[in-house]
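This report refers to the structure that appears directly beneath it.
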Amino acid sequence: MKKFVLFFLIITVSLFAILYVGSSFVFDAAVDKVAPRLLPQLAERGINIDTYEYASIKIRPPRTVTIQKLSTSFELALPHQEQKLPSFFYAERVNFHITHLKNPAVVISCDNFQLYVDRSHDFPGTSFGRFDHGFISLRDPIQLSDPRAGLKNVLQKLSDIFNEKEMDPNVIVRAQVTLKVRDKEAQAYLYTVRDDRSAALRFEEKDIRIMADTFELELSDEEVAIIAKYPLRAPLIMRITSDAKESSRQAHRGDPSVPEDAYRHVLWSYLLTQKFGETFAEQVTDAHETLPTNTAAERKMDFSNNRVGREYAKRGVSRDRILWLVRNDRNVIRHPLDAKVSL
193 MKKFVLFFLI ITVSLFAILY VGSSFVFDAA VDKVAPRLLP QLAERGINID
243 TYEYASIKIR PPRTVTIQKL STSFELALPH QEQKLPSFFY AERVNFHITH
293 LKNPAVVISC DNFQLYVDRS HDFPGTSFGR FDHGFISLRD PIQLSDPRAG
343 LKNVLQKLSD IFNEKEMDPN VIVRAQVTLK VRDKEAQAYL YTVRDDRSAA
393 LRFEEKDIRI MADTFELELS DEEVAIIAKY PLRAPLIMRI TSDAKESSRQ
443 AHRGDPSVPE DAYRHVLWSY LLTQKFGETF AEQVTDAHET LPTNTAAERK
493 MDFSNNRVGR EYAKRGVSRD RILWLVRNDR NVIRHPLDAK VSL
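Each residue of the sequence shown is one higher than the one before, starting from 193 at the first, in my numbering.
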């Protein structure tokens, strides 16, 4: 996501700077002139532009310039990997509004954008594979006399909001995002919540419930609330939960002596701790145990095995050792009847 933001800002602000000092009828020539300087900068950051085009430029009095139907195909290089992801960006409108004339500055907004990677690839990290029907508004003015500083400031704020840091409310984001777990996909509405001091990203809770049904995951109300509050963690939480469920099911199917429920909880907590740390993993697993379907003994067993999974992650135990430990470690509770004796 950070690379996309950088790409978007460099291209759009540079295009506006050209337009501001020239005029729309020389825009094509200006783009041809500046592109050879811009594209190497993007390539250095792992963004290789294949094609880019736009339909038209419109000047709306008194102070707004709009690029219509801006699109580009590009490749994203993954950090420390040779793999590159074919990607596509399209915006119905990219708007530049001049906030000052004496010392020219602009604010940028983008209407109805799409951003996605090739469907045959799995989008890395905790981000999403696709954005649709998107809107971004960057309300901090970018001084054209020093666009580099303005770009750096806006980029940092966007990076903050996509890294769950509290930031000032000058960024607005709305989009439908697609999450993929195994071979299934689900959509959710991503948006910013804002007050006078800060902004943060959120999901609608109803979308989380629909996703859980699509991915065949049972979530408590508390889990739904956590995922809605931390939307950028949602793809991995869903994948980890599905992974633990499927791995334990397959292991038990291959050998009925495998304690499926114990293995699922230990592996689930272990994987969550590896990715998000002990505190957040415990928050998620504790929230899950509020489901009303478990007996008291089952709940004690699950709490204990979740704790064991966190300990394995903290000790650096390899994943391929987890199943053996579940079957042999005396700290693992393998049946609810044992929970009453063990706790």
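Note that the Cβ used here is the ideal one computed from N, Cα and C, for glycine as well. Source: prediction; values computed, not measured.
Using the Cα positions of residue i and residue j, report the straight-line distance between them to the nearest angstrom.
{"i": "I419", "j": "I429", "result": "8 Å"}
{"i": "I241", "j": "L517", "result": "49 Å"}
{"i": "E474", "j": "Q379", "result": "26 Å"}
{"i": "R425", "j": "T433", "result": "12 Å"}
{"i": "F136", "j": "R366", "result": "An answer regarding residue 136 cannot be provided, because it is not within the stretch 193 to 535 covered by the chain."}
{"i": "D453", "j": "W460", "result": "11 Å"}
{"i": "E503", "j": "R374", "result": "28 Å"}
{"i": "F199", "j": "R401", "result": "For F199, the pLDDT reaches just 49, beneath the cut-off of 50, and the residue's location in the model is therefore unreliable, leaving the point undetermined."}
{"i": "S265", "j": "K506", "result": "42 Å"}
{"i": "P423", "j": "R394", "result": "6 Å"}
{"i": "F219", "j": "F281", "result": "Because the pLDDT of F219 is 44, which lies under 50, any placement of that residue in the model is unreliable, and the question is left without a value."}
{"i": "S351", "j": "T384", "result": "14 Å"}
{"i": "L411", "j": "S439", "result": "18 Å"}
{"i": "Q442", "j": "S329", "result": "47 Å"}
{"i": "G317", "j": "R522", "result": "Confidence is the limiting factor: at G317 the pLDDT is only 44, short of 50, which leaves the residue's position unreliable, though a coordinate-based value still follows. Computed Cα separation, rounded: 35 Å."}
{"i": "N486", "j": "H480", "result": "10 Å"}
{"i": "V369", "j": "N497", "result": "33 Å"}
{"i": "G446", "j": "R431", "result": "22 Å"}
{"i": "V416", "j": "I249", "result": "44 Å"}
{"i": "L409", "j": "K376", "result": "12 Å"}
{"i": "S510", "j": "F472", "result": "20 Å"}
{"i": "F407", "j": "G508", "result": "29 Å"}
{"i": "A436", "j": "Q466", "result": "13 Å"}
{"i": "D512", "j": "V524", "result": "16 Å"}
{"i": "L263", "j": "C302", "result": "The amino acid occupying residue 263 in the given sequence is Ser; Leu does not appear at that position. Roughly 12 Å between the two C-alpha positions."}
{"i": "K294", "j": "A392", "result": "34 Å"}
{"i": "D478", "j": "I514", "result": "21 Å"}
{"i": "V298", "j": "L307", "result": "24 Å"}
{"i": "D405", "j": "G469", "result": "26 Å"}
Smallest Cα separation from residue i: which of the options?
{"i": "R335", "options": "N287, I328, V346", "result": "Correcting the residue identity first, residue 335 is Gln in this sequence and not Arg. Closest option to Q335, Cα to Cα, is V346."}
{"i": "V382", "options": "K372, R389, R374, D399", "result": "Note that residue 382 corresponds to Leu in the displayed sequence, not to Val. Ranking K372, R389, R374, D399 by Cα distance to L382 puts D399 first."}
{"i": "M493", "options": "K467, R456, E470", "result": "R456"}
{"i": "L529", "options": "A488, G508, V509", "result": "A488"}
{"i": "R252", "options": "E470, P296, I290", "result": "I290"}
{"i": "K538", "options": "M403, K357, I364, R255", "result": "Summary: the structure shown does not reach residue 538, with the chain confined to residues 193 through 535, and so no result is reported for it."}
{"i": "H292", "options": "H444, R255, F305", "result": "R255"}
{"i": "A531", "options": "D521, F495, V509, D512", "result": "F495"}
{"i": "A283", "options": "Y246, F472, N295, H444", "result": "Y246"}
{"i": "E490", "options": "N520, E470, R526, S510", "result": "R526"}
{"i": "I300", "options": "S263, R285, D521", "result": "R285"}
{"i": "P296", "options": "I514, K357, G342, D478", "result": "G342"}
{"i": "K357", "options": "R519, K421, D478", "result": "K421"}
{"i": "H444", "options": "D405, G469, R519", "result": "R519"}
Assuming residue i contacts residue j under a Cβ cut-off of 8 Å, what Cβ separation, rounded to an integer in Å, is found between them?
{"i": "V309", "j": "P339", "result": "Contact flag wrong, Cβ pair sits at about 28 Å."}
{"i": "T482", "j": "E396", "result": "21 Å between Cβ atoms; not a contact."}
{"i": "D387", "j": "P361", "result": "7 Å"}
{"i": "V500", "j": "V458", "result": "5 Å"}
{"i": "N287", "j": "T243", "result": "Their Cβ separation, rounded to whole angstroms, is 23 Å, which puts N287 and T243 out of contact at 8 Å."}
{"i": "S390", "j": "M359", "result": "6 Å"}
{"i": "L464", "j": "V476", "result": "6 Å"}
{"i": "G326", "j": "F354", "result": "Not really, about 13 Å apart at Cβ, beyond 8 Å."}
{"i": "V363", "j": "K344", "result": "Not really, about 15 Å apart at Cβ, beyond 8 Å."}
{"i": "P427", "j": "F320", "result": "6 Å"}
{"i": "K276", "j": "E267", "result": "4 Å"}
I'd like to confirm the pairing. Which residues does DSSP put opposite residue i in its beta bridges?
{"i": "K376", "result": "V373"}
{"i": "S329", "result": "S301, I364"}
{"i": "A392", "result": "V385"}
{"i": "Q335", "result": "A297"}
{"i": "R322", "result": "Y308, T370"}
{"i": "M359", "result": "A391"}
Is residue i near the ligand MG, going by C-beta to nearest heavy atom under 7 Å?
{"i": "P339", "result": "Questions concerning the ligand MG fall outside what the structure shown contains, since it holds no ligand whatsoever."}
Within 8 Å (strictly less), CB to CB, does residue i reach chain C?
{"i": "R445", "result": "Among the chains in the structure shown there is no chain C, since it carries only a single protein chain."}
Inset, instruction - Output the residue ranges of the alpha helix (DSSP H) runs that lie fully inside the stretch 439-464 and measure 4 residues or longer, sorted by chain position. - result: As for any alpha helix (DSSP H) of minimum length 4 sitting wholly inside the stretch 439-464, there is none.
Inset, instruction - Please list the segments of the alpha helix (DSSP H) lying wholly inside the stretch 456-526, counting only runs of 4 or more residues, in order along the chain. - result: Correct list: 470-480, 488-507, 514-520.
Inset, instruction - Can you check the stretch 234-311 for any beta strand (DSSP E) of at least 3 residues that lies completely inside it and give the ranges in chain order? - result: Runs of the beta strand (DSSP E) inside the stretch 234-311: 239-245, 248-252, 256-269, 276-292, 297-309.
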